[in-house]
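Taken in order, these protein sequences are the chains called A and B. Basically the numbering used here = 1-based index in the first sequence + 576. Basically the numbering used here = 1-based index in the second sequence + 576. Take a look at the structure below.
Number of protein chains: 2
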Amino acid sequence: MAHGSRSNRHGSTPPRDAISELTTERLSIYLRCLNYLESIPQSTVSSQELAKRFHLNSAQIRKDLANFGEFGIRGVGYNVALLKERLQKTLGIDRSRRVVIAGAGNLGMALADYRGFSTGGFDVVALMDSDPAKVGRTSKSGIPVIPPTELPRIAKAESIDIGILAVPAEQAQDVYDAMVDAGIRAVLNFAPVRINPHGNVKLKSVDLRINLESLSFWLKNCDEGDCGEETEE
Amino acid sequence: MAHGSRSNRHGSTPPRDAISELTTERLSIYLRCLNYLESIPQSTVSSQELAKRFHLNSAQIRKDLANFGEFGIRGVGYNVALLKERLQKTLGIDRSRRVVIAGAGNLGMALADYRGFSTGGFDVVALMDSDPAKVGRTSKSGIPVIPPTELPRIAKAESIDIGILAVPAEQAQDVYDAMVDAGIRAVLNFAPVRINPHGNVKLKSVDLRINLESLSFWLKNCDEGDCGEETEE
DNA sequence: GCATGTGAATGGATTCACAGCT
DNA sequence: AGCTGTGAATCCATTCACATGC
Numbered sequence: 577m578a579h580g581s582r583s584n585r586h587g588s589t590p591p592r593d594a595i596s597e598l599t600t601e602r603l604s605i606y607l608r609c610l611n612y613l614e615s616i617p618q619s620t621v622s623s624q625e626l627a628k629r630f631h632l633n634s635a636q637i638r639k640d641l642a643n644f645g646e647f648g649i650r651g652v653g654y655n656v657a658l659l660k661e662r663l664q665k666t667l668g669i670d671r672s673r674r675v676v677i678a679g680a681g682n683l684g685m686a687l688a689d690y691r692g693f694s695t696g697g698f699d700v701v702a703l704m705d706s707d708p709a710k711v712g713r714t715s716k717s718g719i720p721v722i723p724p725t726e727l728p729r730i731a732k733a734e735s736i737d738i739g740i741l742a743v744p745a746e747q748a749q750d751v752y753d754a755m756v757d758a759g760i761r762a763v764l765n766f767a768p769v770r771i772n773p774h775g776n777v778k779l780k781s782v783d784l785r786i787n788l789e790s791l792s793f794w795l796k797n798c799d800e801g802d803c804g805e806e807t808e809e
Numbered sequence: 577m578a579h580g581s582r583s584n585r586h587g588s589t590p591p592r593d594a595i596s597e598l599t600t601e602r603l604s605i606y607l608r609c610l611n612y613l614e615s616i617p618q619s620t621v622s623s624q625e626l627a628k629r630f631h632l633n634s635a636q637i638r639k640d641l642a643n644f645g646e647f648g649i650r651g652v653g654y655n656v657a658l659l660k661e662r663l664q665k666t667l668g669i670d671r672s673r674r675v676v677i678a679g680a681g682n683l684g685m686a687l688a689d690y691r692g693f694s695t696g697g698f699d700v701v702a703l704m705d706s707d708p709a710k711v712g713r714t715s716k717s718g719i720p721v722i723p724p725t726e727l728p729r730i731a732k733a734e735s736i737d738i739g740i741l742a743v744p745a746e747q748a749q750d751v752y753d754a755m756v757d758a759g760i761r762a763v764l765n766f767a768p769v770r771i772n773p774h775g776n777v778k779l780k781s782v783d784l785r786i787n788l789e790s791l792s793f794w795l796k797n798c799d800e801g802d803c804g805e806e807t808e809e
């Protein structure tokens with residue numbers, strides 16, 4: 577109780593009306609753009625300028641933002657720093673999110689040390705690997721490798737928010753299940769398999785091969801005639 | 577001429593009618609599923625079984641496949657090995673695609689050695705890095721690091737199909753432009769920036785942060801009330 | 001005047017449901 | 001009978017265009 581009354585007083589309007597994944601991914605993109613503008617530096621931007629600069633659609637920008645409040649000033653545009661802050665809050669990265677990565681192979685190690693994660697909101701707490709030879713070592717940046725048996729304890733103790741699967745395809749389902757059992761509620765999967773998802777645990781998959789195959793398809797159709805003006809992001 | 581007459585004789589029907597990216601990405605997924613079935617082994621599969629097993633929609637599978645020919649047998653289903661072969665051909669990975677990776681940092685190195693690429697259709701020919709200290713060395717699996725000045729020559733000599741950007745955000749645009757100049761016609765970008773695309777060069781971006789942010793958004797909205805039955809791939 | 005925020009219109013993609021083949 | 005391939009129907013996302021407010 578005492579939870580949902582003050583409805584539109586200054587942007588705390590809750591989504592509640594089912595925001596699509598496409599929308600939230602665009603919010604991240606806007607955030608990226610704003611970071612750039614802030615570094616220029618530039619303090620104000622209109623949806624049109626954003627659209628032109630970064631190949632977006634101005635109406636879509638406005639509509640996406642409108643889902644979460646009224647962040648702009650009519651006749652003026654958006655305050656870069658302010659909008660950035662609002663987007664970070666909307667995406668839930670105003671506080672740090674704790675991450676564990678399963679699989680201390682090439683990919684897992686690279687992700688663990690990826691600066692794009694550590695700077696700004698994501699905190700890789702541990703790598704996990706079933707290979708005893710790897711356990712106890714650390715990544716270049718010092719993230720420790722723990723054994724699978726430690727997962728439940730770490731997940732609780734460090735209140736892990738997100739699990740990343742960077743294990744071979746054959747192990748992915750089992751490790752996913754273990755993460756779910758350990759109470760992790762969001763998983764990002766890099767293994768090239770379809771995970772059997774557990775309801776209530778958010779699953780997203782990034783299949784690196786799919787992207788290459790998609791490019792290959794385009795190349796093939798290019799060779800065979802119509803190249804068109806494709807670009808896409 | 578002598579190009580488009582024998583229309584539907586055994587599946588060589590050309591797309592020509594603009595296949596969406598979503599469709600081609602699903603083709604890759606189907607291919608992944610077929611590989612699994614082949615390993616079971618299982619020789620025949622219906623769209624319904626595929627759908628049930630891998631959380632897909634049977635009508636969509638049939639519709640996607642129908643874009644490229646009639647691969648199934650009514651009353652029976654699809655031959656796993658045959659369909660797999662057809663999909664590989666459709667995606668243009670029946671022959672090997674040659675890849676160069678820009679950026680010999682953690683991510684670039686991990687991608688270069690990623691087994692998911694090398695096994696089956698993609699051939700990482702070289703890493704490229706502007707750091708002289710890295711040039712001349714190799715990745716764990718032996719892929720050589722070349723300097724940027726070598727790119728045009730390698731691109732021609734090795735007939736590179738695909739460039740991968742694994743460089744820091746600040747360099748991404750320049751390296752992309754260099755790849756375009758070198759005649760590379762498809763680029764996969766891992767840098768968290770919006771690349772200004774060159775027409776006629778296919779660009780796809782994979783932003784690792786976006787995926788984490790998307791999970792974070794979901795977690796946040798979970799905490800604040802409606803969790804729903806989300807899952808998604 | 002200028003740019004946001006938004007209903008209405010458009011355009012795509014997914015799903016339904018069945019005709020047609022084996 | 002069973003399952004594919006496909007028009008029709010539905011659903012969702014994007015874009016347009018304008019009323020609203022600075």
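Ideal placement from N, C-alpha and C gives every residue a C-beta, glycine not left out. All values reported here derive from a predicted model rather than from experimental measurement.
{"Item": "Collapsed DSSP secondary structure at residue 786 of chain A in the structure displayed", "Value": "helix"}
{"Item": "Distance CB(residue 845 of chain A)-CB(residue 675 of chain A) smaller than 8 Å", "Value": "Coverage of chain A is limited to positions 577 through 809, which leaves residue 845 of chain A absent and any answer about it impossible."}
{"Item": "Residue of A/608, A/600, A/711 and A/596 minimising C-alpha distance to residue 771 of chain B", "Value": "A/608"}
{"Item": "Ranges of the beta strand (DSSP E) found wholly within the segment 688-744 of chain A, counting only runs of at least 3", "Value": "698-704 and 738-741"}
{"Item": "Test item: CB-CB of residue 621 of chain A and residue 656 of chain A under 8 Å", "Value": "yes"}
{"Item": "Straight-line Cα distance separating residue 596 of chain A from residue 632 of chain B", "Value": "19 Å"}
{"Item": "Three-state class that DSSP yields for residue 781 of chain A in the structure shown", "Value": "strand"}
{"Item": "Proximal residues of chain B, C-beta to C-beta of residue 600 of chain A below 7 Å", "Value": "790 and 793"}
{"Item": "Cβ-based burial, residue 648 of chain B [other Cβ within 10 Å; buried from 16]", "Value": "buried"}
{"Item": "Proximity test, Cβ basis, 8 Å: residue 698 of chain A and chain B", "Value": "yes"}
{"Item": "Rounded separation between residue 734 of chain B and residue 683 of chain A - CA only", "Value": "26 Å"}
{"Item": "Inter-residue Cα distance where the pair is residue 672 of chain A and residue 670 of chain B", "Value": "44 Å"}
{"Item": "Minimum Cβ-Cβ distance from residue 608 of chain A to chain B less than 8 Å", "Value": "yes"}
{"Item": "Coil, strand or helix - residue 765 of chain A by DSSP", "Value": "strand"}
{"Item": "Residues that residue 685 of chain A contacts on chain B, provided the C-beta gap is smaller than 8 Å", "Value": "682 and 686"}
{"Item": "Where residue 617 of chain A meets chain B, residues with beta-carbon distance less than 8 Å", "Value": "Per Cβ cutoff of 8 Å: no residues; residue 617 of chain A is ~16 Å from chain B at best."}
{"Item": "Residue 677 of chain A - DSSP class collapsed to helix/strand/coil", "Value": "strand"}
{"Item": "Collapsed DSSP secondary structure at residue 652 of chain A in the structure displayed", "Value": "coil"}
{"Item": "Short CB-CB distance (under 8 Å) between residue 604 of chain B and chain A", "Value": "yes"}
{"Item": "Cβ of residue 782 of chain B within 8 Å of any chain A Cβ", "Value": "yes"}
{"Item": "Nonlocal neighbours in the same chain, by C-beta distance under 6 Å from residue 780 of chain B, ignoring five residues either side", "Value": "764"}
{"Item": "Proximal residues, the segment 619-648 of chain B versus chain A, C-beta separation under 7 Å", "Value": "630 and 631"}
{"Item": "Test: residue 676 of chain A CB closer than 8 Å to a CB of chain B", "Value": "no"}
{"Item": "Minimum C-alpha distance to residue 603 of chain B - residue among A/790, A/731 and A/775", "Value": "A/790"}
{"Item": "Cβ-based neighbour list, residue 619 of chain B, same chain, cut-off 6 Å, excluding 5 preceding and 5 following", "Value": "656"}
{"Item": "Range of the contiguous alpha helix (DSSP H) that encloses residue 637 of chain B", "Value": "634-642"}
{"Item": "Close Cβ partners of residue 723 of chain A (< 6 Å) along its chain, the five nearest in sequence each way excluded", "Value": "711"}
{"Item": "Residue 679 of chain B beta carbon less than 8 Å from that of residue 613 of chain B", "Value": "no"}
{"Item": "Nearest-angstrom Cα separation, counted from residue 715 of chain A out to residue 721 of chain A", "Value": "8 Å"}
{"Item": "Cβ neighbour criterion (16 or more within 10 Å) applied to residue 725 of chain A", "Value": "exposed"}
{"Item": "Any chain B beta carbon closer than 8 Å to residue 778 of chain A", "Value": "yes"}
{"Item": "Within-8 Å CB hit, residue 689 of chain B to chain A", "Value": "yes"}
{"Item": "Pairwise C-alpha distance: residue 747 of chain B and residue 796 of chain B", "Value": "33 Å"}
{"Item": "Partners in chain B for residue 703 of chain A, counting only beta-carbon separations shorter than 7 Å", "Value": "The premise fails here: residue 703 of chain A is roughly 13 Å from chain B at the closest Cβ pair, so nothing lies under 7 Å."}
{"Item": "Where the alpha helix (DSSP H) through residue 852 of chain A begins and ends", "Value": "Residue 852 of chain A lies beyond the range of chain A shown here (577 to 809); nothing can be said about it."}
{"Item": "Residue 700 of chain A to residue 758 of chain B span [Cα, whole Å]", "Value": "37 Å"}
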